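A.B. asks:
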Amino acid sequence: MTDAKLLHGEPGRLRTLLHAALPAVPGVNRLPGVRKRSAAGFTGLAYARTNAVVERARVDAYAAVCGFPRRDVVPLTYPHLLAFPLHMAIMGDAAFPYAAIGMVHVENAITAHRAVRVGEALDVRTDVGPPRPHARGVLLDFTTTVTAAAEPAWESTSTYLRRGDSVDGEPTAGLEVPDPPSGGIQWRLPGDLGRTYASVSGDANPIHLHPLTARALGFPRQIAHGMWTLARSVAAIENRVPDAVTVEVAFKKPVLLPGTVAYAARRDQMGWTFAMTNPKDGAPHLLGRVSVGQDPRAASRR
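In my numbering, the protein residues as written are 122 to 423.
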């Protein structure tokens, strides 16, 4: 296993994001400590945090934005917030061969082994291995393990697509959700949702914040965070999902803000399938499945 670089506490959110974005700035990307190494020979990188305390105020703020009830255990998707600074630290490390700007979050898988309590002190580690082939570039799997007293409590794999040159190998199929549910309830999403979610999550990517910053990066206007669409989808069935569970999603078309989405969920033999779609044409924004009644497994799809 790769030795992990240690982050002390949670680094400043803006500073971390800026550092991760610097390799995309012409000229600056040639400076020592910013200049990226070649992808050839990249074998992996890991960062870790110790004693990350789950704070009541932040959990409650996150729950309110994502539609979860206030409880003494955290929402299923909340530990991603503890891992996000590690994702940014990895992307900002000169040893990681790709700039953070241009990384597209395409899939996410979460396995909760048990409920995580508010007030718990947790150790968090994120590893990324060599890139995998994809038809449009490469895939990078950011695998996070959250432990308490050396026992795993929560795991996730966030898969990012980097468009461009690929690597040798045969691309593998992504997450498939056959016959996803359609229609369902409609949610009207405000234009400031990205800024609101950024304030509780620390993810202040400009594509989520304002029409001007989103257009500068190729979007007609700001878009919702993928992890918000996942969290809101899970919150809708939260009272019917056990503590030990696996949730897998594929992020499809972005959700433009302000906007309206349709959400539907259906119970099946494995657990649940769910979808967030465009109510005008049924185009999917997110497709997902929940596996219950089985032994929890690591959320890796390699």
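Glycine included, every Cβ here is placed at the ideal spot set by N, Cα and C. As the structure is a prediction and not an experimental result, all values here were calculated from the model.
Here's a check: name, in chain order, each residue in its chain whose Cβ is nearer than 6 Å to the Cβ of Asp244, leaving out the five neighbours to either side.
C.D. replies: Closer than 6 Å at Cβ, skipping near neighbours: Thr171, Thr268.
A.B. asks: State the start and end residues of the unbroken beta strand (DSSP E) segment that holds His406.
C.D. replies: Start and end: 405–412.
A.B. asks: On the criterion of 16 or more Cβ atoms from any shown chain inside 10 Å, does Asn326 qualify as buried, or is it exposed?
C.D. replies: Buried.
A.B. asks: According to the Cβ coordinates, are Leu68 and Val370 closer than 8 Å?
C.D. replies: Nothing in the structure corresponds to residue 68, since the chain is present only between 122 and 423.
A.B. asks: To the nearest angstrom, how far is it from the Cα of Glu291 to the Cα of Arg336?
C.D. replies: Roughly 34 Å separates the two Cα atoms.
A.B. asks: Here's the rule I'm using: 16 or more other beta-carbon atoms within 10 Å means buried, otherwise exposed. How should Asp214 be labelled?
C.D. replies: By the 10 Å Cβ count, Asp214 comes out buried.
A.B. asks: For Asn229, count neighbouring C-beta atoms within 10 Å of its own C-beta (all shown protein chains included) and say buried if the count is 16 or more, exposed if not.
C.D. replies: Buried, by the Cβ-count rule.
A.B. asks: Please confirm whether Ala204 and Ser277 have their CB atoms less than 8 Å apart.
C.D. replies: Yes, the Cβ-Cβ distance between Ala204 and Ser277 is below 8 Å.
A.B. asks: Consult DSSP for Ser303 and reduce its assignment to one of helix, strand or coil.
C.D. replies: Reduced to three states, the DSSP call for Ser303 is coil.
A.B. asks: Answer yes if the region 282–291 comes into contact with the region 344–356, meaning at least three C-beta pairs across the two stretches below 8 Å, and no otherwise.
C.D. replies: No contact exists between the region 344–356 and the region 282–291.
A.B. asks: Nearest-angstrom Cα distance between Trp393 and Val366?
C.D. replies: Whole-angstrom Cα-Cα distance: 11 Å.
A.B. asks: Grouping DSSP H, G and I as helix and E and B as strand, with all else coil, what is Met224?
C.D. replies: Here Met224 sits in strand by DSSP.
A.B. asks: My output table needs one value for Gly240: the three-state DSSP class, helix, strand or coil.
C.D. replies: Residue state, collapsed to three classes: coil.
A.B. asks: Assuming Gly305 contacts Ala383 (C-beta within less than 8 Å), just tell me the rounded distance between them.
C.D. replies: That belief holds up - the Cβ atoms of Gly305 and Ala383 are roughly 5 Å apart, short of 8 Å.
A.B. asks: Below 8 Å on the Cβ atoms is my guess for Gly258 versus Asp286; work out the distance and round it to an integer in Å.
C.D. replies: About 7 Å separates the two Cβ atoms, so the contact holds.
A.B. asks: Say the cut is 7 Å; is the CB of Gly347 nearer than that to a heavy atom of the ligand SAM?
C.D. replies: This structure simply doesn't include the ligand SAM, nor any ligand for that matter.
A.B. asks: Spatial neighbours of Ala182 within its chain, please: C-beta separation below 6 Å, excluding the five flanking residues on both sides.
C.D. replies: Correct list, in chain order: Val321.
A.B. asks: Starting from Ala319, trace the alpha helix (DSSP H) both ways and give me its first and last residue.
C.D. replies: Looking at the DSSP string, the run of the alpha helix (DSSP H) that includes Ala319 is 314–322.
A.B. asks: In chain order, what residues of the same chain have a beta carbon less than 6 Å from the beta carbon of Val413, not counting five sequence neighbours either side?
C.D. replies: Only Pro363, Val366, Gly392 meet the Cβ criterion.
A.B. asks: What do you get for Thr293, buried or exposed, if any count of 16 or more other CB atoms within 10 angstroms of its CB means buried?
C.D. replies: Answer is exposed; the Cβ neighbour count stays below 16.
A.B. asks: For Ser303 and Arg246, I'd like the C-alpha separation in whole angstroms.
C.D. replies: Their backbone Cα atoms lie some 37 Å apart in a straight line.
A.B. asks: Assuming Ala274 and Val237 are in contact, meaning their beta carbons sit under 8 Å apart, how far apart are those beta carbons, in whole angstroms?
C.D. replies: Confirmed, about 6 Å.
A.B. asks: Nearest to Pro301 by alpha carbon, out of Val186, Leu127, Ala385, Gly188?
C.D. replies: Cα-wise, what sits closest to Pro301 is Ala385.
A.B. asks: Please report how far the alpha carbon of Val149 lies from the alpha carbon of Arg361, in whole angstroms.
C.D. replies: Here Val149 scores only 47 on pLDDT, less than 50, and its place in the model should not be relied on; the value that follows carries that caveat. Val149 and Arg361: Cα-Cα distance of roughly 50 Å.
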